[in-house]
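These notes concern the structure reproduced below.
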Amino acid sequence: MIEILNPTLLARARETGALVADILQTLRSRSTVGTNLLDIDEWTRSLIAEAGAQSCYVDYAPSFGRGPFGHYVCTGVNDAVLHGRPHDYTLADGDLLTLDLAVSRNGVAADAAVSFIVGDSRPPQSVALIDATERALAAGIAAARPGARVGDISHAIGTVLGEAGYPVNTEFGGHGIGSTMHQDPHVANTGRPGRGYKLRPGLLLALEPWVMADTAELVTDADGWTLRSATGCRTAHSEHTIAITDDGPEILTLPRSSRG
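Each residue of the sequence shown is one higher than the last, beginning at 1 in the UniProt record's numbering.
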C-alpha cells in the first residue's frame, strides 16, 4: 500500500514527526556512561504516554521477528545495527549507540533514528561510520523531489556510502510511512537512478541509510530481533521521515528546538 496524505493528515504528520524527534533528543541527552538500555526503554514508554501517542514497536510482530517486539525503542550498541532489543546492558565510554523510534499519534506515524558515541571517547572508526550515514541521509533527502524516482534516492544514498568504502546491504532500507509504520515503496540504500515509483506530493518516506564497517552480512541474536554485523564490526544508522511537497522534501523528524 502507498498512501498519499492530504493537507490535514500532513499537518498531523508534522506533529508526530516533531514528537519523535523531541523524544530522541531527550533520550540522547540521558544516554550517558552507566545508563542501562532498559532505562532508556522505560523513559521512552513514559514519554510516549505523556504525549498521548502510541508505540509502533511494542506490539510489532512481522514475519522476520520472533513474536511481538515487546519494547518501545530500538537500542543498538556497537555491532548491533537494526532492531536492537533493549536488554540489561550498561553503556560504557566509547560505545556507539543507535536509537531508532517510531510513534503514531492522531492516526499518523513517524520514524527516525540517530547514532552517537557515548561518553568522551571518539573512536575514529565510529566517527566515520556515523558521518557517512548522516551524509548519505542528506543526499537521499536532497534527491527526494516531486517527479523523481525512488531509484534516484537509492542511488544518492548508495553513492555516498560506496565512496566512503562501506559495503551496502539491501535486505533492509527505507520505506513508505503514513497510517502505519511500514508501507510501500521500499527504498533500498543503493540502486539505479530513474527507476521505481515516481514521487508525488503527499508521499511520506522514512529514509534510513545504515552501514557496517567491513561487511554487508547480518546475523540475528538469540532474541530473534537484534541484527548485528556478521564480523562483529561497528555499525551506524541514521533516519528521518520526510514528506514530498510541491516545493521539495520536508524533513518531519527535526526537534522543535532546531526549527526556525
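Quick reminder that beta carbons are idealized off the backbone N, C-alpha and C, glycines included.
Residue of D93, R12, A53 and D100 minimising C-alpha distance to G76 = Residue 76 sits at position 76 when you count from the first residue of the sequence shown. Of the candidates D93, R12, A53 and D100, the one whose C-alpha sits nearest the C-alpha of G76 is D100.
inquiry  = I'd like to check one pair, A188 with A110: are the Cβ atoms closer than 9 Å?
reply    = Along the sequence shown, read from residue 1 onward, the residue named residue 110 stands at position 110. Along the sequence shown, read from residue 1 onward, the residue named residue 188 stands at position 188. Against a cut-off of 9 Å, the Cβ pair of A188 and A110 comes out as no contact.
request  = List the DSSP bridge partners of N36.
outcome  = For the purposes of this step, residue 36 is taken as residue 36 along the sequence shown, with counting starting at 1. DSSP, once it has assigned bridges, lists T90 as partnering N36.
key: Contact set for V73: own chain, Cβ-Cβ below 8 Å, skip 5 residues either direction   = Taking the first residue of the sequence shown as 1, we reach residue 73 at position 73. Closer than 8 Å at the Cβ level, and outside the excluded window around V73, lie L27, I40, D41, T44, Y57, P86, L99, D100 and L101.
key: For S154, the first and last residue of its enclosing alpha helix (DSSP H)   = Counted from its first residue, the sequence shown places residue 154 at position 154. Per DSSP, S154 belongs to the alpha helix (DSSP H) from V150 to E163.
inquiry  = Can you tell me whether G151 is buried or exposed? The criterion is at least 16 other CB atoms within 10 Å of its CB, across all chains shown.
reply    = Here residue 151 refers to the residue found at position 151 of the sequence shown. Flag for G151 reads buried.
query = In terms of alpha-carbon separation, which member of Q183, L19 and R12 lies closest to R256?
reply = Taking the first residue of the sequence shown as position 1, residue 256 is located at position 256. Of the candidates Q183, L19 and R12, the one whose C-alpha sits nearest the C-alpha of R256 is L19.
query = DSSP three-state call for G174: helix, strand or coil?
reply = Your numbering for residue 174 matches position 174 in the sequence shown. Residue state, collapsed to three classes: strand.
ask   = First and last residue of the alpha helix (DSSP H) that includes R135?
value = Indexing the sequence shown from 1 puts residue 135 at position 135. Unbroken alpha helix (DSSP H) run through R135: P124 to A143.
query = Just curious, the alpha helix (DSSP H) that S29 is in, first and last residue?
reply = In the sequence shown, the residue the question calls residue 29 occupies position 29. Element bounds for S29: P7 to R30.
inquiry  = Using only CA atoms, which one of R12, A243, E163 and P201 lies nearest to A53?
reply    = Looking up residue 53 in the sequence shown gives position 53. Measuring from the Cα of A53, the nearest candidate turns out to be R12.
Alpha-carbon to alpha-carbon, H71 and T226 = Walking along the sequence shown from the start, residue 226 turns up at place 226. Walking along the sequence shown from the start, residue 71 turns up at place 71. Their Cα atoms are separated by approximately 12 Å.
request  = Taking 8 Å as the threshold, find out whether the segment 146-163 comes into contact with the segment 114-129 through three or more Cβ pairs.
outcome  = no
Span separating the alpha-carbon of T220 from that of T16 = In the sequence shown, the residue the question calls residue 220 occupies position 220. In the sequence shown, the residue the question calls residue 16 occupies position 16. Roughly 30 Å separates the two Cα atoms.
query = Under three-state DSSP, which class holds W43?
reply = Here residue 43 refers to the residue found at position 43 when the sequence shown is read from its first residue. In the structure shown, W43 sits in a helix (DSSP, three-state: H, G or I).
task = Pick out whichever of V118, V81 and E50 has its Cα sitting closest to the Cα of D22.
result = Residue numbering aside, residue 22 sits at position 22 when the sequence shown is read from its first letter. Of the listed residues, the one whose Cα sits closest to D22 is E50.
key: R192 versus H240, P167 and A156, residue with shortest Cα-Cα distance   = For this step, residue 192 is matched to residue 192 along the sequence shown. Per the Cα distances, A156.
ask   = Nearest-angstrom Cα distance between S154 and T190?
value = As a working mapping, residue 154 is identified with position 154 in the sequence shown. As a working mapping, residue 190 is identified with position 190 in the sequence shown. Note on geometry: alpha-carbon atoms of S154 and T190 lie some 5 Å from one another.
key: Alpha-carbon spacing of residue 262 relative to T133, whole angstroms   = As shown, the chain starts at 1 and ends at 260. That puts residue 262 outside it, with no answer to give.
key: Distance, P68 Cα to A61 Cα   = In the sequence shown, the residue the question calls residue 61 occupies position 61. In the sequence shown, the residue the question calls residue 68 occupies position 68. In a straight line, the C-alpha of A61 is about 4 Å away from that of P68.
task = Please report the residue range of the beta strand (DSSP E) in which I244 lies.
result = Residue numbering aside, residue 244 sits at position 244 when the sequence shown is read from its first letter. Run containing I244: H240 to T245, per the beta strand (DSSP E) assignment.
key: Cβ-Cβ distance between V160 and A139 below 9 Å   = Locating residue 160 in the sequence shown gives position 160, where the first residue counts as 1. Locating residue 139 in the sequence shown gives position 139, where the first residue counts as 1. Contact: yes.
task = Determine the DSSP secondary structure at I4, reduced to helix, strand or coil.
result = Position 4 of the sequence shown holds residue 4. In this structure, I4 counts as coil in the three-state DSSP scheme.
message = Could you tell me the alpha carbon to alpha carbon distance between residue 264 and N36, rounded to whole angstroms?
response = The structure shown does not extend to residue 264, since the chain spans only 1 to 260, so no value can be given for it.
ask   = What is the DSSP secondary structure of R256, counted as helix, strand or coil?
value = For this step, residue 256 is matched to residue 256 along the sequence shown. Correct three-state label for R256: helix.
ask   = Going by other Cβ atoms of all chains shown within 10 Å of its Cβ, with 16 needed for buried, is A80 buried or exposed?
value = Indexing the sequence shown from 1 puts residue 80 at position 80. Classification of A80: buried, given that the 10 Å Cβ count is 16 or more.
Residues that DSSP places opposite S115 in a beta bridge = As a working note, residue 115 is residue 115 in the sequence shown. Here S115 is bridged, per DSSP, to T98.
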